[in-house]
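Chemist:
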Amino acid sequence: MGERTPWCSLVWRCAALALCGLVMTSAQAQQTLVVAAFPAVDEIVKAAIPAWKKLHPTVEIKVVSRQFTDHHTAMTTALSTSFYLPDVMALEVGYVGRFAQGGGLDDLSRAPYDILRFQSRWVPYALQQATNRKGAVVAAPTDIGPGTLLYRIDVLGKAGVGEAELTQSWEGYVAAGAKIKAATGSYLMAHARDMKDIIIRTGIQPGEGLYFDNQSNVLVTSPRFVRAFELARKVRQGKLDARVGAWSNEWSEGFKRGTIATQLTGAWLAGHMNNWLAPNTKGLWRAAQLPEGAFAAYGGTFFAIPRGTPVANKPLAWQFIQLMTLDRGVQLSAFKSQDAFPALLETYDDPFFELPIEFLGGQKARVGWRDAARRITAVSVHKQDAFADEVINTELDKVLDRGKDIATALADAQRLLQKRAHR
Amino acid sequence: MMNNDRLAPWAAYTIVGIGSLIMLAPFYFMFVFATHSRTEIFSLPPPLWFGDDLVANLKILTERIPFWRNLGWSVYVAVLSTALTLLFCSMGGYAFALFEFRYKNALFGLVMATMLLPTFMNMIPTFMIMDLLGWIDQPRALYIPGAASAFGIFLMRQFVITSIPKDLIEAARMDGCSELGIYWRIVLPLLKPALGTLGLITFIASWNNFIGPLIVMRSPENYTLPLALRSLQSPVDTEWGALMTGSAIATIPLIILFMLSSRQLISGLTAGAVK
Amino acid sequence: MKLPAVLRLSPRWTPYVLISPFLVLFGVFGVFPLLFSLYLAFQSWEPTAGMGAMRYVGLENFAFSLDDEWFWKSLKNTGWLAVASGVPQHLVAIPLAVFIHTSFKHLRNGVVGAYFLPYITSTVAIAIMFSSLFSTDFGLINVGLGALSQVPGLGWLVPAQPIDWLGQPENIKPAIAIIVWWRFVGFNVVLYLAALQTIPKDIYEAATMDGAGRLQQFFYITLPSLRPMIFFGVTLSVIGGLQIFEEPFILTGGRGGSDQAGMTTAIYLYRMAFDFNDFGAASAMSWLLFILVALLTWLTNLAFRPRKGSV
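Protein chains in written order, with the numbering used here: chain A, 1 to 423; chain B, 424 to 698; chain C, 699 to 1009.
1. What span of residues does the beta strand (DSSP E) with A/VAL88 cover, start to end?
2. Helix, strand or coil: which one does DSSP assign to A/ASP213?
3. Quick check on the burial criterion: 16 or more other C-beta atoms within 10 angstroms. Buried or exposed for B/TYR451?
4. Tell me, please, whether the CB atom of B/GLU602 is closer than 8 angstroms to any CB atom in chain C?
5. Check whether the region 282 to 291 of chain A and the region 355 to 367 of chain A are in contact - that is, three or more C-beta pairs closer than 8 angstroms.
6. Among B/LEU666, B/ARG653, B/LEU539, which has the Cα closest to the Cα of B/PHE454?
7. State the DSSP-derived secondary structure class of A/GLY147, mapped to helix, strand or coil.
8. Under a CB-based cut-off of 8 angstroms, is B/ASP554 close to chain A?
9. Is the CB-CB distance between A/TYR187 and A/LEU269 below 8 angstroms?
10. Helix, strand or coil: how does DSSP classify A/THR58 here?
11. Please work out which residues of its chain come closer than 7 angstroms, Cβ to Cβ, to B/MET640, disregarding the five sequence neighbours upstream and downstream, and give them in chain order.
12. Report the CB separation of B/ARG461 from B/GLU644 in whole angstroms; it is logged as a contact under 8 angstroms.
13. When the cut-off is 8 angstroms and only beta carbons count, does B/LEU481 lie next to chain C?
14. If A/ARG328 sits next to A/THR309, beta carbons under 8 angstroms apart, how far is it from one beta carbon to the other, in whole angstroms?
15. Under 8 angstroms Cβ-Cβ, which residues of chain A neighbour B/ASP660?
16. Does DSSP put B/ASP476 in a helix, in a strand, or in coil?
17. Answer with buried or exposed for C/HIS804, where buried requires no fewer than 16 other C-beta atoms within 10 angstroms of its C-beta.
18. Do you know how far the Cα of B/MET553 is from the Cα of A/GLN215?
19. Can you pull out the residues from the region 938 to 965 of chain C whose beta carbon lies closer than 8 angstroms to at least one beta carbon of chain A?
20. Compute the Euclidean distance between the alpha carbons of C/PRO872 and A/PHE303, then round it to the nearest angstrom.
21. Tell me which residues share the same chain as B/THR537 and place their Cβ nearer than 6 angstroms to its Cβ, disregarding the 5 neighbours each side in the sequence.
22. Under 8 angstroms, Cβ to Cβ, is there at least one residue of chain A near C/MET827?
23. In chain B, which residues lie less than 9 angstroms from C/GLY968 when you measure between Cβ atoms?
24. Would you mind telling me which residues of chain B sit closer than 8 angstroms to C/ALA971, beta carbon to beta carbon, in chain order?
25. 8 angstroms is my cut-off, CB to CB: does A/LYS404 come that close to chain B?
26. Would you call the CB atoms of A/VAL41 and A/ALA90 closer than 8 angstroms?
27. Nearest-angstrom Cα distance between B/TYR499 and A/LEU85?
28. Determine the DSSP secondary structure at A/VAL35, reduced to helix, strand or coil.
29. In chain C, what lies closer than 8 angstroms to B/TRP663 by C-beta?
30. Nearest CA to the CA of B/LYS482: which residue from B/THR458, B/PRO469, B/PRO470?
31. By a C-beta neighbour count over all protein chains shown, 10 Å radius and 16 as the cutoff for buried, is C/MET749 buried or exposed?
32. Identify each residue in the region 638 to 655 of chain B for which the Cβ-Cβ distance to at least one residue of chain A is less than 8 angstroms, and report them in chain order.
33. Would you please verify whether the beta carbon of A/PHE83 is less than 8 angstroms from any beta carbon of chain B?
34. Quick check on C/GLU744: does DSSP put it in helix, strand or coil?
35. Is B/CYS600 close to the ligand SAM? I mean its beta-carbon at under 7 angstroms from any heavy atom of the ligand.
36. Which residues bound the beta strand (DSSP E) around A/THR221?
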């Protein structure tokens, strides 16, 4: 090759310098924080990016969003080898137990996080919910799902049943259901299982989880389970449940047509009903507290930092989590746009809570939910909770469909769970 | 003495005809439902003829999941899988058939033994291997392992033994052709029918593969079609119309492929069965 | 173009070169994973704790599995499904193949194609399709059964209420069996058709001349001649039936359904690993199931093996 002309070599040198400069500046400017989430938490995270940019203009947030179950499976996989670990991961409360015991998540109660200093700023039960048996806090709460009783005021009206009658006691709730069925033909609830689900969550002692206690003893023969099964059986015997599964076509049809009169659920269901489940029933529903003074959580989201994340990213990850969970503006905007009930107590004085909800006929339901949120008690989580869920549901089905004796059913469940409690 | 001769023809036609209808009916309804919205699908009476929601369904489909991307991945993985399998299995089958080498029989026995292994034996170990290799969520985890297909080696070896005379190879050697040249220029062209069959089988298997992607894929953008369809089904709000449209689209390429090559496919698959 | 002598392969080394890509892949993705799974069966591993958390536990996983009610339940489910979907496959495929063989000359390819189509299409798409067909209130199958119950002669066969296919444990199994049957009956028709074509026509002609009726010919000529193919087909059905995964997975949303009625062992394996995060036990179970499959295959072999000297 021949000699380059002088100006040619100058061009090359300038280009090289420019390239170097570009690389250097971009190396300084570009740091990316990877946040793994699922719908609708991904929207909430994305909505918080402008606020983040004000604090850390040079740090990009990359949101990796997957469908709910797939997200949690992906997180399990990522934790198993530390490949493709996000810097921050969103976890739904039902999965926190599984991840809490493994040791794959950073303990936020230790330095430099010291999350316990923020404990009083959140609803009491939330931080406890993410604490494992060794006392490590593995995640920070961002939104919660206060339990509520949604009921069709028109259907109840036809049966002459008032809200007080419905919520006085669980037995009263079932009795009201019989009246509703007799007068209108509508079912009290979607499935007797819903009854069981809420009652096993009542009367949990400190140190107890839903199915296991902190020493992994199995609790399924305790009185709350017996009562739950008995009441569920009563519901089924009175033909008060529609026997439809949640989220099935028949379930949403039940709402649209008014054949399901009440639903024990998280507050967020009202939003779903308004948006797509049963928009035609606007104004016909009301929200009440759960019967007999029960307070429970149906859902909730947490943010965690994997232990295997590069140490350099962890301070920023923690900053991000603080923004999502402790910033009043971010929490409120998530509430207003995605119906994510805030875990942060200082948002509770916002006028938004006092606004009437059109879908609920103008009821200011958020006030009641706010009350409930403060009174929910934490339930310890256990690695085998998901399995226990299925075992109990199976035994309940046998009791309901095949008349199995309750004591035998619970004893069978006890036996099955005991074998796995310590795995 | 039983004389069924007069009954047989129309009875046979009716029975076989009803059977065909049963076989084809779900496909028919899949395509019909693909053109209806989800409320129409789940109404009484259900739709029996085509509707007009196809475009709407396509819109929902492509909004919910990266459908075209998933389709692209299915094509990409299937093509690569087929190409690699054809290459490696033809090479291996040729070697097993016409060469002698140490441990040949033991190796072949081992390969054949794995053919009897149920697929679930692979589920967990595959996950672990891919995890260790860092191949989780990458398409190569789908098309590379399959190239070592025991069935492919079996088919190729069988075909080489029955259709390629050893003298031909000898003659080519004496003419001075290199070994790899013999493979490429003589054996491979003669293998065309077997390549065609194996190619079809591999393509179909890769296209329909669900368990493999289920185990190793994690990001929706990297899913192949079966997994993408299932992710549509999972969330609380199943869009049945879009789901049917997606299922129908996932089925069409195979139906076309099948119509073009059914004879070859069927004869290839049954080749080993009828001794 | 001839390669320079140093790069040319001698016939001695060629096979090794030809075989090596296959063997490398086979070793890495075929043999090694198996050995690893065997190793894993003796470990206790909680995946979210990372790779280093494996602990040797000897035979504990095997003991746990053999003692696990759900494992046995899944085996029963798998066995039931294998038989309920497998036997009708062959019971229906053989006569169908005979009908097609004797009566369809021109349309044969079309008919065979129609029967084979279910086999080559995606299980996921099919199962999704059947999910909607099996819907209790709106599914076509119940609508069809409802229409049938109105027909005077057949009304008594069909229950009056719509069947809750996907919600009731007793019904999930038949639903899955129907889908698997639907998928494979055509495949078996094709197999039997191929075998039927090898039976010489003279035998039938001779039999007709001797006065044998069609039914007798079927039982004394056709069936015995089909024996090798029946053996092959049944072996495939046994092996396949014991591995059923995709149909129940899609139909029950990956869980196995109410009372785990649709949970085959393959699904339980998957759940043990990916839902309950117990990889050690899952590996142990896969080996236990494999032993069972091998045993049953061997038994099928004994029962159906073509005996020397028979037709």
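Ideal Cβ positions, reconstructed from N, Cα and C, are used throughout, including at glycine. Being a predicted model, the structure only gives us computed values, none of them experimental.
Modeler: A quick look at the data gives this:
1. In the first sequence, the residue the question calls residue 88 of chain A occupies position 88. That run of the beta strand (DSSP E) goes 88 to 92.
2. Residue numbering aside, residue 213 of chain A sits at position 213 when the first sequence is read from its first letter. DSSP places A/ASP213 in strand when its eight states are reduced to three.
3. If you number the second sequence from 1, residue 451 of chain B lands on position 28. Exposed is the call here.
4. Along the second sequence, read from residue 1 onward, the residue named residue 602 of chain B stands at position 179. Closer than 8 angstroms to some Cβ of chain C, the Cβ of B/GLU602 qualifies, so yes.
5. Touching, per the Cβ criterion.
6. Within the second sequence, the letter at position 31 stands for residue 454 of chain B. Closest by C-alpha distance to B/PHE454, out of B/LEU666, B/ARG653, B/LEU539, is B/LEU666.
7. Looking up residue 147 of chain A in the first sequence gives position 147. In the structure shown, A/GLY147 sits in a strand (DSSP, three-state: E or B).
8. In the second sequence, residue 554 of chain B corresponds to position 131, counting from 1. Among the residues facing chain A, B/ASP554 is included, as its CB has a counterpart in that chain under 8 angstroms away.
9. The residue given as residue 187 of chain A occupies position 187 in the first sequence. The residue given as residue 269 of chain A occupies position 269 in the first sequence. In this structure, A/LEU269 does not lie closer than 8 angstroms to A/TYR187 by Cβ.
10. Residue 58 of chain A sits at position 58 when you count from the first residue of the first sequence. Of the three classes helix, strand and coil, the one that applies to A/THR58 here is coil, per DSSP.
11. As a working mapping, residue 640 of chain B is identified with position 217 in the second sequence. Answer for B/MET640: ASP560, TYR646, LEU650, listed in chain order.
12. Against the second sequence, residue 461 of chain B aligns to sequence position 38. Against the second sequence, residue 644 of chain B aligns to sequence position 221. In fact, because the Cβ distance is near 25 angstroms, the residues do not count as touching under 8 angstroms.
13. The sequence position of residue 481 of chain B within the second sequence is 58, counting from 1. Taking Cβ atoms only, chain C never reaches closer than 8 angstroms to B/LEU481, which makes this a no.
14. In the first sequence, the residue the question calls residue 328 of chain A occupies position 328. In the first sequence, the residue the question calls residue 309 of chain A occupies position 309. The Cβ separation is near 27 angstroms, so there is no contact.
15. To locate residue 660 of chain B, count along the second sequence from 1; it is residue 237. Contact annotation for B/ASP660 against chain A: TRP247, TRP276 [CB-CB distance below 8 angstroms, chain order].
16. As a first step, residue 476 of chain B is located in the second sequence; it is residue number 53 there, counting from the start. Residue state, collapsed to three classes: coil.
17. For the purposes of this step, residue 804 of chain C is taken as residue 106 along the third sequence, with counting starting at 1. C/HIS804 counts as exposed, since fewer than 16 other beta carbons sit within 10 angstroms of its beta carbon.
18. Within the first sequence, numbered from 1, the residue matching residue 215 of chain A stands at position 215. Within the second sequence, numbered from 1, the residue matching residue 553 of chain B stands at position 130. Approximately 36 angstroms, taken between the alpha carbons.
19. Within the region 938 to 965 of chain C, the residues whose Cβ lies closer than 8 angstroms to any Cβ of chain A are, in chain order, GLY952, ARG953, SER956, ASP957, GLN958.
20. Residue 872 of chain C sits at position 174 when you count from the first residue of the third sequence. Residue 303 of chain A sits at position 303 when you count from the first residue of the first sequence. Distance from the CA of C/PRO872 to the CA of A/PHE303, rounded to the nearest whole angstrom, comes to 43 angstroms.
21. Against the second sequence, residue 537 of chain B aligns to sequence position 114. Correct list, in chain order: ALA573.
22. For the purposes of this step, residue 827 of chain C is taken as residue 129 along the third sequence, with counting starting at 1. It does not; no Cβ of chain A falls within 8 angstroms.
23. Here residue 968 of chain C is taken as the residue at index 270 of the third sequence, counted from 1. The residue asked about is misnamed: residue 968 of chain C is Tyr in this sequence, not Gly. Per Cβ cutoff of 9 angstroms: PHE543, MET546, ILE547, ILE634, LEU637, ILE638.
24. Taking the first residue of the third sequence as 1, we reach residue 971 of chain C at position 273. Within 8 angstroms Cβ-Cβ: MET546, ILE547, PHE550.
25. For the purposes of this step, residue 404 of chain A is identified with residue 404 of the first sequence, where counting begins at 1. No, no contact with chain B.
26. In the first sequence, the residue the question calls residue 41 of chain A occupies position 41. In the first sequence, the residue the question calls residue 90 of chain A occupies position 90. Their beta carbons are under 8 angstroms apart, which means A/VAL41 touches A/ALA90 by this criterion.
27. To locate residue 499 of chain B, count along the second sequence from 1; it is residue 76. To locate residue 85 of chain A, count along the first sequence from 1; it is residue 85. One alpha carbon belongs to B/TYR499, the other to A/LEU85, and they sit about 27 angstroms apart.
28. Walking along the first sequence from the start, residue 35 of chain A turns up at place 35. A/VAL35 falls in the strand class under three-state DSSP.
29. Walking along the second sequence from the start, residue 663 of chain B turns up at place 240. Against B/TRP663, the close residues of chain C are SER830, in the order they occur along the chain (beta-carbon pairs closer than 8 angstroms).
30. Within the second sequence, the letter at position 59 stands for residue 482 of chain B. Nearest to B/LYS482 by C-alpha distance, out of B/THR458, B/PRO469, B/PRO470, is B/THR458.
31. Here residue 749 of chain C is taken as the residue at index 51 of the third sequence, counted from 1. Exposure of C/MET749 is indicated by the presence of fewer than 16 other C-beta atoms within 10 angstroms of its C-beta.
32. Per Cβ criterion, the list reads ARG641, SER642, PRO643, SER654.
33. Here residue 83 of chain A refers to the residue found at position 83 of the first sequence. Judged by the 8 angstroms Cβ criterion, A/PHE83 is in contact with chain B.
34. Taking the third sequence and counting its residues from 1, one reaches residue 744 of chain C at position 46. Three-state result, C/GLU744: coil.
35. Absence of the ligand SAM is noted for the structure shown, with no ligands found whatsoever.
36. The residue labelled residue 221 of chain A in the question sits at position 221 within the first sequence. Run containing A/THR221: none; DSSP gives neither H nor E here.
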